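Straight run, no breaks: the sequence shown in the numbering used here ends on number 127.
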Amino acid sequence: KASPSETYREGLKTLSDFASLSPADQDNKLRSIEKSHFFQLLRQHTIEGMFCDPMHGGNAGLIGWQLVGYPGPQMSYRDEVDKHFGQPWRPKPASLEQTAGRRGKPWEDEKG
16 KASPSETYRE GLKTLSDFAS LSPADQDNKL RSIEKSHFFQ LLRQHTIEGM
66 FCDPMHGGNA GLIGWQLVGY PGPQMSYRDE VDKHFGQPWR PKPASLEQTA
116 GRRGKPWEDE KG
């Protein structure tokens, strides 16, 4: 099985002419690859980058969380549930670093 780097390298070759295609041909090109391992990997990484905690390197400005109304990791929502019971509640998102008051160590930095 190919590594992620190899998968991207080969997959991007299939899209090398993408910018020069008409919109209809671009749609057809995307349809032709949507079941490929490359597309699945690209989709997964896009979702991870959009919705991960910023300490992992994505979700700049918490825009992904704002988009879906996710407030970020919190120790408890109990006070908020009581305070806003029966009312819409859309708090400003806070990252793990903001919630904890210190920078956490992302799992990517762990050795082992």
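By construction, the Cβ of each residue, glycine as well, lies at the ideal position given by its N, Cα and C atoms. Since this is a predicted model, take the numbers as computed values, not measurements.
- [ ] Report the option in M90, S51, W104 whose CA atom is closest to the CA atom of G116.
- [x] The closest CA to that of G116, considering only M90, S51, W104, is found on M90.
Open item on the list: Tell me which residue opens and which closes the alpha helix (DSSP H) that S20 is part of.
Closed with: Taken as a continuous stretch (DSSP letters only), the alpha helix (DSSP H) holding S20 covers 19 to 29.
TODO: Go ahead and pull the three-state DSSP assignment for H52.
DONE: Note: H52 maps to helix in three-state DSSP.
Task: Simplified DSSP state of I115, which is helix, strand or coil - done: Before going on, a small fix: residue 115 reads as Ala here, not Ile. Helix.
Open item on the list: Taking 8 angstroms as the cut-off, does the segment 76 to 92 touch the segment 102 to 121 (at least 3 CB pairs, one atom from each stretch)?
Closed with: With the cut-off at 8 angstroms, the segment 102 to 121 and the segment 76 to 92 touch.
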